[in-house]
Every structure is written in structure tokens, then in C-alpha cells.
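In the working numbering, the protein residues as written are 13 to 528. Every residue gets a Cβ at the ideal spot worked out from N, C-alpha and C, and that includes glycine. Notes follow the structure.
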């Protein structure tokens with residue numbers, strides 16, 4: 013009797029399930045169901061089957077049904093047409109992580125998989141397609157180089173800084189070409205070599221030209237204890253604060269005629285002295301700022317943002333106390349915005365210039381270079397290390413001035429200057445690119461940070477251009493050179509109208525349209 017009763021109940025349950033299944037297969041259309049007619053667009057019903065999630069989206073406006081399938085594992089058997097509740101992945105991930113920590117060896121694999129599943133589930137739930145014409149997120153960069161890029165020459169005394177500066181001074185552009193700009197005696201404005209600019213000048217033959225430039229500042233030698241005021245340390249360190257990047261000049265030559273402030277030549281020791289002085293100066297500044305903010309933050313004054321700024325400064329201080337440069341850190345966008353106004357010395361990009369003898373430079377061998385390269389690598393940085401002979405560079409410039417350079421290079425074709433490479437590496441360290449404007453009046457090269465958008469590029473020319481930006485007419489230099497004229501570029505459909513979200517590319521030629 014009991015078995016017969018169980019069999020009857022099973023048949024009844026099967027019949028009910030069959031009926032329910034038949035009902036669930038009916039998808040109401042807009043014309044047959046009032047409920048469907050009032051359904052909001054893009055609401056979804058999800059049904060799980062054999063590990064595959066099938067999404068049924070009913071569009072009431074069209075009265076139709078669209079079905080899409082995904083091979084991703086379903087997260088729930090049935091989801092209501094209302095938006096799904098947020099996935100509580102933190103609790104699941106926390107529990108799974110706890111399982112990893114406390115489980116025995118046999119359980120750790122499955123517990124770790126649970127952590128990964130929690131992450132994957134959350135990622136699937138939160139990924140949304142980008143909105144059409146969405147404004148990109150604000151981009152922030154460590155440092156604030158503008159069109160007037162400044163690079164400072166830094167080093168201990170008697171390493172060749174002044175000789176290097178004298179080489180660059182021979183390339184100097186007269187100050188009268190820079191309106192509203194006073195050039196100090198220890199600053200040289202040097203054109204950056206760019207064959208694209210030269211080509212534009214030849215094509216247009218304008219009344220005036222202005223190539224992209226770098227301002228190079230010669231900063232007096234730093235000594236041990238400069239951060240505490242040794243020598244004229246504080247004044248010199250403040251000069252470094254005003255530059256965008258650093259050429260760190262290191263002595264890599266022996267000479268009885270040129271004394272060394274430390275008594276002997278040791279490039280790695282000298283590099284450590286400079287780096288430590290810059291770090292200590294930064295640390296003192298950040299510590300002072302933290303101390304000035306502490307009482308107000310502890311009282312809750314200044315709100316949440318001031319507290320976040322205070323916490324960011326604490327993290328920056330701890331990073332520097334560990335002996336690391338700010339430029340080596342991984343900082344959030346908010347932390348970068350806290351850092352930039354401080355103009356910290358160790359946040360600036362560095363290019364190492366190793367001043368070697370003429371003999372070592374020409375034979376491409378120097379006993380100090382391997383140790384220097386090893387030290388840079390051990391610090392965790394990837395800064396460029398460039399051998400240069402200031403003695404040789406000065407001789408080359410004197411030959412050019414006297415008209416003997418061409419004959420010398422014919423006799424010695426492998427003897428080449430490295431000044432252009434040094435200038436380019438300074439630009440690259442800052443992540444800078446060029447764009448150009450041209451006309452019969454002027455051909456000009458402009459400097460901008462890689463990743464900047466069209467309105468920001470317009471602002472480099474004039475702030476009114478950025479405020480009233482409408483569109484930018486853009487052509488690639490490569491297209492203009494290939495096709496030969498702006499008219500040919502237009503006919504080929506390669507002169508593009510770009511809006512506010514256009515990211516300027518290196519070598520773009522741009523004409524801006526703006527409202528006054």
C-alpha cells in the first residue's frame with residue numbers, strides 16, 4: 013500500500029511539473045499581454061540550462077523578442093525581470109580566503125578556486141558596455157610639464173656640468189624669440205632636433221620658424237649635507253624644484269688636473285649622495301606638511317577630502333622613509349593630485365649622463381659604466397644611462413664654428429656627437445610629444461604630454477583656445493609628407509575633424525577652431 017501511494021504521488025508530481033514547463037515556455041508578446049506592453053526596455057529574464065545562461069530580453073516598444081546566449085556559467089537559476097541585486101562577493105571572497113588560510117593541504121585548491129570564482133562572478137555582474145559618446149575619465153600624470161619644458165643639470169662639484177652646459181649654450185636660441193620670458197644667465201633654450209619640423213619649413217618657407225625647445229638650467233654642485241643647508245644646499249635644491257626633469261651628471265673619468273670634492277672618483281658613491289640629498293629634502297617637506305595638518309584632521313576639520321589628503325601624505329612619507337624615490341611608486345589618481353603641487357625632487361624623471369674621457373668615448377669602453385648600470389638596476393629604476401664626453405662635444409662644436417667639422421667627419425665617420433640623443437632622451441623621460449601648426453607666417457612646433465586631448469593641446473597655444481574649443485582639423489605628418497600638399501590630404505579624405513575627446517598623436521598637424 014505504501015509503495016502504491018508513493019507511486020501515485022510521483023505521477024502527480026510529474027504531471028504538475030510537465031504542466032509548469034509548458035506554461036514557462038510561453039513568452040508573452042506586446043499584442044497579447046498587457047503586462048508585456050508595460051514592461052520597460054532592456055529588462056531581462058535569465059533561465060539557467062546545463063550550465064549556460066540564456067538571456068531573454070523583451071522590448072515592449074518593438075513588440076519583439078531577442079534571445080542571446082552565453083557560455084558563461086549561470087549565477088542563478090531564475091532572475092526576476094527587475095534589475096538583479098548586487099552580488100555580495102566581498103563576503104564570499106572573504107570566507108573563501110579564510111578557507112585558504114585555515115584549510116589543510118587537501119582543501120586549499122578548492123578554497124582558492126572559490127576565491128577566483130567570487131572574483132569572476134563579480135566581474136561578470138559589474139561589466140557594462142561603455143556609453144556612446146561617453147567623456148573619458150580624467151587623466152592624471154605625475155609632474156606638470158608644459159610647453160616650456162625645463163630640465164636641470166644636477167651633480168656633485170667638478171663632474172663636468174658646466175662644460176656640458178657650455179656645449180648646450182652654443183646651441184642657444186636668442187632670448188628675444190621668447191616674448192614674456194626672461195632667460196637667466198644659467199639657462200639655455202635649446203631647439204630639439206626634429207626632421208618633421210625641418211621638412212615643414214622647407215615645404216612652407218614661412219616668414220618665421222619656432223622649433224620645439226627645451227630650457228636647460230645649470231644648477232650649482234650639491235654636496236653631502238645639502239638638505240640640512242651645507243654649502244648653499246637649500247638654495248640649489250629649490251632651483252631643482254622648478255624643473256620638470258633632471259640630467260644627473262656623473263663623473264666617469266680620472267684626471268689629476270680636476271680635483272674631486274670627495275678626494276677620489278667613485279661614480280656610484282656620488283650618485284648615492286645626490287639621491288639621498290634629494291630624498292631627504294622631499295622627506296622634510298612632506299613631514300612638515302603632515303605636522304601642520306595633523307591637529308585639524310584629528311578634530312575632523314576640513315572634511316573627508318582633507319582626511320584623504322592627510323592619509324595620502326602619510327603613505328608618501330612612509331614610502332620615502334623606506335629609501336625609495338617617489339617616481340618609483342604606484343600612486344592612485346588622487347595621490348598624484350596631492351603630489352603634483354609639492355613638486356617633489358624625487359618625483360622628477362632622471363636621465364643619467366656619464367661624463368667619460370674623449371678616449372673612452374671614442375673607443376666605447378669605460379671601467380665605471382658596468383658598476384653604474386648595476387647600481388641603477390638594483391635601485392629598481394629603468395632610467396636611461398648615456399655615456400657622453402663633454403670634452404669631445406666641445407671640440408666638435410668649436411670645429412663647426414671654425415668650418416672644419418665637415419672635413420673632420422669625412423676623416424672620422426664614426427666620431428659622432430651624442431648631444432641630440434641626450435636632448436631627445438630628456439623629452440622621452442617626460443613622456444612628451446610634438447604637434448605642429450603652420451602657415452605662411454610661421455611654422456611652429458609645440459610640446460604636449462602624451463595622452464593629452466585636443467582642447468588641452470589648444471590651451472598650450474593660448475588659454476582662450478581651450479576655453480572656446482569647438483573642433484580641430486587634424487592631419488598626420490606622414491600623410492602630408494606622402495601626399496605632398498594639404499589639398500591632396502583633403503582629397504584623400506585624410507584631413508579629419510576631431511572633437512573634444514580626440515587624443516593628440518605625435519606629429520599631428522592641427523588647425524584649431526574656437527569661439528572667442
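Beta-carbon gap between residue i and residue j smaller than 8 Å
i: residue 180; j: residue 228; result: yes
i: residue 295; j: residue 332; result: yes
i: residue 472; j: residue 520; result: no
i: residue 433; j: residue 516; result: no
i: residue 396; j: residue 441; result: yes
i: residue 224; j: residue 206; result: yes
i: residue 318; j: residue 298; result: no
i: residue 255; j: residue 162; result: yes
i: residue 353; j: residue 339; result: no
i: residue 502; j: residue 491; result: no
i: residue 484; j: residue 466; result: yes
i: residue 221; j: residue 453; result: no
i: residue 420; j: residue 411; result: yes
i: residue 285; j: residue 336; result: no
i: residue 404; j: residue 379; result: no
i: residue 394; j: residue 445; result: no
i: residue 154; j: residue 348; result: yes
i: residue 429; j: residue 408; result: yes
i: residue 315; j: residue 308; result: no
Nearest residue (CA-CA) to residue i, options the options
i: residue 365; options: 154, 165, 161, 155; result: 165
i: residue 457; options: 177, 488, 204, 198; result: 204
i: residue 482; options: 494, 524, 410, 429; result: 524
i: residue 401; options: 528, 436, 253, 373; result: 373
i: residue 527; options: 477, 490, 261; result: 477
i: residue 437; options: 226, 160, 222; result: 226
i: residue 269; options: 496, 396, 172, 346; result: 172
i: residue 497; options: 475, 163, 273, 211; result: 211
i: residue 215; options: 493, 506, 267, 508; result: 493
i: residue 201; options: 230, 209, 213, 175; result: 230
i: residue 233; options: 257, 282, 155, 518; result: 282
i: residue 253; options: 359, 321, 236, 355; result: 355
i: residue 398; options: 390, 182, 382, 474; result: 382
i: residue 504; options: 511, 495, 510; result: 495
i: residue 359; options: 511, 293, 422; result: 293
i: residue 198; options: 394, 208, 182, 300; result: 182
i: residue 160; options: 522, 512, 460, 470; result: 460
i: residue 300; options: 288, 384, 322; result: 322
i: residue 257; options: 305, 443, 334; result: 443
i: residue 514; options: 462, 474, 429, 309; result: 462
i: residue 424; options: 375, 387, 468; result: 375
i: residue 177; options: 259, 522, 208, 414; result: 259
i: residue 512; options: 468, 500, 499, 342; result: 468
i: residue 4; options: 417, 341, 313; result: Nothing can be reported for residue 4: it is not among the residues displayed for the chain, which extend from 13 to 528.
i: residue 387; options: 426, 278, 310; result: 278
heavy atom of the ligand ZN below 7 Å from residue i C-beta
i: residue 256; result: The ligand content of the structure shown is nil, which means the ligand ZN is not present either.
Opposing strand residues paired with residue i [DSSP bridges]
i: residue 454; result: 220
i: residue 363; result: 259
i: residue 515; result: 465
i: residue 446; result: 459
i: residue 230; result: 165
i: residue 395; result: Paired residue(s): none; residue 395 is not in a bridge.
i: residue 322; result: DSSP output for residue 322 lists no bridge partner at all.
i: residue 351; result: BP columns for residue 351 are empty, so no partner.
i: residue 270; result: Paired residue(s): none; residue 270 is not in a bridge.
i: residue 509; result: 485
i: residue 203; result: 225
i: residue 523; result: 485
Chain D contact for residue i (CB, 8 Å cutoff)
i: residue 492; result: Chain labels in this structure do not include chain D; a single protein chain is all it has.
Problem - Touching by the beta-carbon criterion (3+ pairs, under 8 Å), the stretch 438-452 and the stretch 260-268 - result: no
Handout entry: Start-end ranges of the beta strand (DSSP E) lying completely within the stretch 465-489, minimum 3 residues
Key = 481-488
Problem - Meets three-Cβ-pair contact criterion under 8 Å: the stretch 249-256 and the stretch 267-283 - result: Flag = no, the stretch 249-256 and the stretch 267-283 do not touch.
Exercise for the section: At 3 residues or longer, and completely inside the stretch 371-436: list those beta strand (DSSP E) runs for me, N to C. Expected result: 397-400
Handout entry: Ranges of the alpha helix (DSSP H) found wholly within the stretch 288-313, counting only runs of at least 4
Key = As far as the stretch 288-313 is concerned, it has no whole alpha helix (DSSP H) run of at least 4 residues.
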